[in-house]
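Some notes on the structure that comes next.
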Amino acid sequence: MKIIMLGAPGAGKGTQAKKIAEKYGIPHISTGDIFRANIKNGTKLGNKVKTYMDQGLLVPDELVCDLVVDRIQQADCAKGYILDGFPRTIPQAESLDAALKAAGESVDYAIDVNVPDENIVKRMGGRRACVGCGATYHLVYAPTKKEGICDACGGELILRDDDKPETVQKRLDVYHEQTQPLIDYYDKKGILKTVDGSMSMEDVFAAILGILEA
Numbered sequence: 089m090k091i092i093m094l095g096a097p098g099a100g101k102g103t104q105a106k107k108i109a110e111k112y113g114i115p116h117i118s119t120g121d122i123f124r125a126n127i128k129n130g131t132k133l134g135n136k137v138k139t140y141m142d143q144g145l146l147v148p149d150e151l152v153c154d155l156v157v158d159r160i161q162q163a164d165c166a167k168g169y170i171l172d173g174f175p176r177t178i179p180q181a182e183s184l185d186a187a188l189k190a191a192g193e194s195v196d197y198a199i200d201v202n203v204p205d206e207n208i209v210k211r212m213g214g215r216r217a218c219v220g221c222g223a224t225y226h227l228v229y230a231p232t233k234k235e236g237i238c239d240a241c242g243g244e245l246i247l248r249d250d251d252k253p254e255t256v257q258k259r260l261d262v263y264h265e266q267t268q269p270l271i272d273y274y275d276k277k278g279i280l281k282t283v284d285g286s287m288s289m290e291d292v293f294a295a296i297l298g299i300l301e302a
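All residue numbers for the sequence shown refer to this note's numbering, where the first residue is 89 and numbers rise by one.
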């Protein structure tokens with residue numbers, strides 16, 4: 089079962105990917121995790137990634153694809169995997185397809201966790217992070233026992249710049265520009281499945297299971 093998770097920042101696709109991975113015993117693979125693992129282990133690809141990241145540059149598509157393909161060829165991916173945060177662009181999707189085709193494989197599902205922008209802005213605007221230990225909370229979904237104070241260490245909670253409405257909207261604009269073509273790409277291939285991400289976490293998960301077990 090090879091799954092690609094699509095969805096805007098804050099849509100909850102990472103949470104769903106983890107739940108699917110746990111249920112089916114397959115790896116949840118995010119590009120961030122691959123980057124960190126390769127850099128930490130000092131691999132040849134990891135050193136290349138580090139060169140770009142140290143300069144504040146985006147890691148080129150070709151290198152990202154090499155890293156992902158290297159990861160999905162490992163033994164724990166034999167039963168399948170979930171890709172979260174990759175591909176982000178059509179060139180990345182085409183490179184992935186070409187690599188899989190060469191191995192006689194293909195993606196089974198591209199699942200789009202669809203949430204209206206205004207819901208995401210509201211959802212992310214409610215996040216709070218502890219300045220002390222970094223623990224995260226949500227004013228509505230995961231509030232602290234005492235308002236503005238971290239349950240774990242008693243530190244002060246703040247609204248991170250990343251979660252401010254204007255920043256969130258900018259990230260959403262970039263996402264739509266890059267990723268709408270991907271949604272069309274997988275739709276044409278007949279593997280796109282869309283779920284309503286504005287439902288509760290449990291209902292979204294149930295909807296995804298309904299697709300995977302149909």
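We treat Cβ as the ideally placed atom computed from N, Cα and C, and that holds for glycine.
Could you pull the start and end residues of the beta strand (DSSP E) that residue i belongs to?
| i | result |
| --- | --- |
| Thr224 | 224 to 226 |
| Ala198 | 197 to 202 |
Quick one, are the C-beta atoms of residue i and residue j less than 8 Å apart?
| i | j | result |
| --- | --- | --- |
| Ile178 | Ile117 | no |
| Lys90 | Val157 | no |
| Arg211 | Gln266 | no |
| Ala96 | Val203 | yes |
| Ala217 | Leu245 | yes |
Given a threshold of 16 other Cβ atoms within 10 Å of its Cβ, counted over all protein chains shown, does residue i qualify as buried or as exposed?
| i | result |
| --- | --- |
| Val256 | buried |
| Thr224 | exposed |
| Asp164 | exposed |
| Asn126 | buried |
| Met93 | buried |
Have a look at residue i and residue j and give me their C-alpha separation to the nearest angstrom.
| i | j | result |
| --- | --- | --- |
| Asp250 | Val262 | 14 Å |
| Glu182 | Arg248 | 35 Å |
| Ile237 | Gly243 | 6 Å |
| Pro148 | Val292 | 33 Å |
| His226 | Leu188 | 39 Å |
| Ala240 | Val228 | 18 Å |
| Lys276 | Asp185 | 14 Å |
| Leu146 | Glu301 | 37 Å |
| Glu193 | Ala109 | 19 Å |
If you follow the alpha helix (DSSP H) that residue i is in, where does it begin and where does it stop?
| i | result |
| --- | --- |
| Asn129 | No alpha helix (DSSP H) contains Asn129, which DSSP labels as neither H nor E. |
| Val209 | 205 to 213 |
So, is the C-beta of residue i closer than 8 Å to a C-beta in chain B?
| i | result |
| --- | --- |
| Pro179 | Looking for chain B here will not work: only one protein chain is present. |
Runs of beta strand (DSSP E) wholly within the region 137 to 194 (minimum 3 residues, chain order): 169 to 172
Beta strand (DSSP E) runs wholly inside the region 220 to 260, at least 3 long, in chain order: 224 to 226
Complete runs of the beta strand (DSSP E) confined to the region 261 to 293 [at least 3 residues]: 280 to 284
Residue ranges of each beta strand (DSSP E) within the region 95 to 127, 3 or longer: 116 to 118
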